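Before any comments, here is the structure.
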Amino acid sequence: MIIRARRINPDDAERLRAVRLAALADAPMSFWQTLAGESARPSADWRAHALRNSAGDTHATFLLERDDPAGYDPERDDGPMGMVDVYQPSLAPEFRELAALWVAPAIRGTGAADTLLDTAVGWARTAGAIGVRLWVVPTNTAAVRIYTRHGFTLAGGPEPDMDDPAGKVYVPMLLMLDSDESARG
Ligand SMILES: CC(C)(COP(=O)(O)OP(=O)(O)OC[C@H]1O[C@@H](n2cnc3c(N)ncnc32)[C@H](O)[C@@H]1OP(=O)(O)O)[C@@H](O)C(=O)NCCC(=O)NCCS
Numbered sequence: 061m062i063i064r065a066r067r068i069n070p071d072d073a074e075r076l077r078a079v080r081l082a083a084l085a086d087a088p089m090s091f092w093q094t095l096a097g098e099s100a101r102p103s104a105d106w107r108a109h110a111l112r113n114s115a116g117d118t119h120a121t122f123l124l125e126r127d128d129p130a131g132y133d134p135e136r137d138d139g140p141m142g143m144v145d146v147y148q149p150s151l152a153p154e155f156r157e158l159a160a161l162w163v164a165p166a167i168r169g170t171g172a173a174d175t176l177l178d179t180a181v182g183w184a185r186t187a188g189a190i191g192v193r194l195w196v197v198p199t200n201t202a203a204v205r206i207y208t209r210h211g212f213t214l215a216g217g218p219e220p221d222m223d224d225p226a227g228k229v230y231v232p233m234l235l236m237l238d239s240d241e242s243a244r245g
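Those letters in the sequence shown? Residues 61 to 245, per this note's numbering, in order.
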C-alpha cells in the first residue's frame, strides 16, 4: 500500500478525532494531552481544529492515508494511520512547532513517519519559518532517533512540564531551515 500525508480539510473533523484518540490510547506517555481530556472535547472543537488547520500558514495538520488515485473512499477507510500538527508559537512566530506526531503501530518502520515529517517540515519552510521546534520525552527513543535522522538537534536540557497532567519531562529539539532552500521552495 502506498501511503501519503495529506493536509486536513474542513470535513475531516471526525477522522482527526479518531486518529488523535487512537494515538493517545496507543502512546499515552508520548503526549501532553490525555485520552480522557481529548475524548471529552466537543465536536465543535474538532471541527474548528480541522477548519483552522486546513489552510493558511500558521497552523496545519497532516493525516496519513492510502494514496488512492480515485480519491478518498469512506468504504475503503483504513482506520487511523497517523498524523502530525504544526503551528506558529505565539512567543516565537518566526518558528513553527511540531506536535502530536503519531504513526499506527502496524505501519511503523515503513517510512510513513518520514513522509509525515518531510511534509510537516516542507510546509513550515513554505510558510516562511526559520526553523522547526518540538518537545519530546527523552526516553522516547524511536521519536528522538527519527527527529535526529531528520536533522533536529537537542536545543536544551530536560524540563519538567509543571502543567503536564502526568508530570512528564521533555527536551526541546530544533531544526533550523536553510534560507537558500527556502528560496528554492
Ligand atoms: C515516533 C514514531 C512516529 C516513529 O515512527 P516509526 O515508523 O517507528 O519510525 P522509524 O521506523 O523511522 O523509526 C525511528 C527510529 O527509531 C528506532 N526504533 C523504532 N522502534 C523503536 C523502539 N521500540 N525502541 C527503540 N528504537 C526504536 C528505529 O530503528 C529508527 O532508528 P534509526 O533512525 O536510527 O534507524 C512512532 O514510533 C510513534 O508513533 N510513536 C508513538 C507516538 C510518539 O512517540 N510520537 C512522538 C511524540 S514527540
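Don't be surprised by glycine CBs; every beta carbon is placed ideally from N, CA and C.
Please read these numbers as outputs of a predicted model, since none were measured by experiment.
Review point. For the region 207-215 against the region 86-100, are there 3 or more C-beta pairs whose distance is under 8 Å?
Key: no
Check your understanding: When you compare only the Cα positions, how much space is there between residue 245 and residue 188?
Key -> In this prediction, residue 245 scores a pLDDT of 42, lower than 50, which makes its location untrustworthy; the coordinate-derived value is nonetheless stated afterwards. Rounded to whole angstroms, residue 245 to residue 188 spans 10 Å at the Cα level.
Exercise for review: Report the residue from 207, 229, 202, 190 whose alpha carbon sits nearest the alpha carbon of residue 238.
Suggested key: 190
Exercise for review: Return helix, strand or coil for residue 182, following the three-state DSSP convention.
Suggested key: Of the three classes helix, strand and coil, the one that applies to residue 182 here is helix, per DSSP.
Practice item. Let me know if residue 76 comes out buried or exposed under the rule of 16 or more other beta-carbons within 10 Å of its beta-carbon. Key: buried
Practice item. Could you tell me which of 228, 217, 147, 153 sits nearest to residue 113, measuring between CA atoms? Key: 147
Check your understanding: Apart from the five residues just before and just after residue 224, which ones in its own chain have a Cβ nearer than 7 Å to its Cβ?
Key -> 92
Practice item. Decide if the region 154-164 is in contact with the region 102-109; the criterion is three or more beta carbon pairs, one per stretch, under 8 Å apart. Key: no
Check your understanding: If you drop the 5 nearest sequence neighbours on each side, which residues of the same chain put their C-beta closer than 8 Å to that of residue 176?
Key -> 65, 122, 124, 142, 143, 144, 161, 163
Review point. What residue range is occupied by the uninterrupted alpha helix (DSSP H) comprising residue 10?
Key: Only positions 61 to 245 of the chain appear in this structure, which leaves residue 10 out of reach.
Exercise for review: From the DSSP output, in three-state form, read off residue 176 for me.
Suggested key: helix
Exercise for review: Measuring alpha carbon to alpha carbon, tell me which of 150, 179, 149 ends up nearest residue 68.
Suggested key: 179
Check your understanding: When DSSP labels each residue in this structure, what does residue 152 get in the three-state scheme?
Key -> coil
Check your understanding: Does DSSP classify residue 126 as helix, strand or coil?
Key -> strand
Review point. What is the DSSP secondary structure of residue 244, counted as helix, strand or coil?
Key: For residue 244, the predicted structure reports a pLDDT of 44, less than 50, and the residue's modelled location is therefore unreliable. A value from the coordinates is still provided. The answer is helix: DSSP assigns residue 244 an H, G or I state.
Exercise for review: Let me know if residue 140 comes out buried or exposed under the rule of 16 or more other beta-carbons within 10 Å of its beta-carbon.
Suggested key: buried
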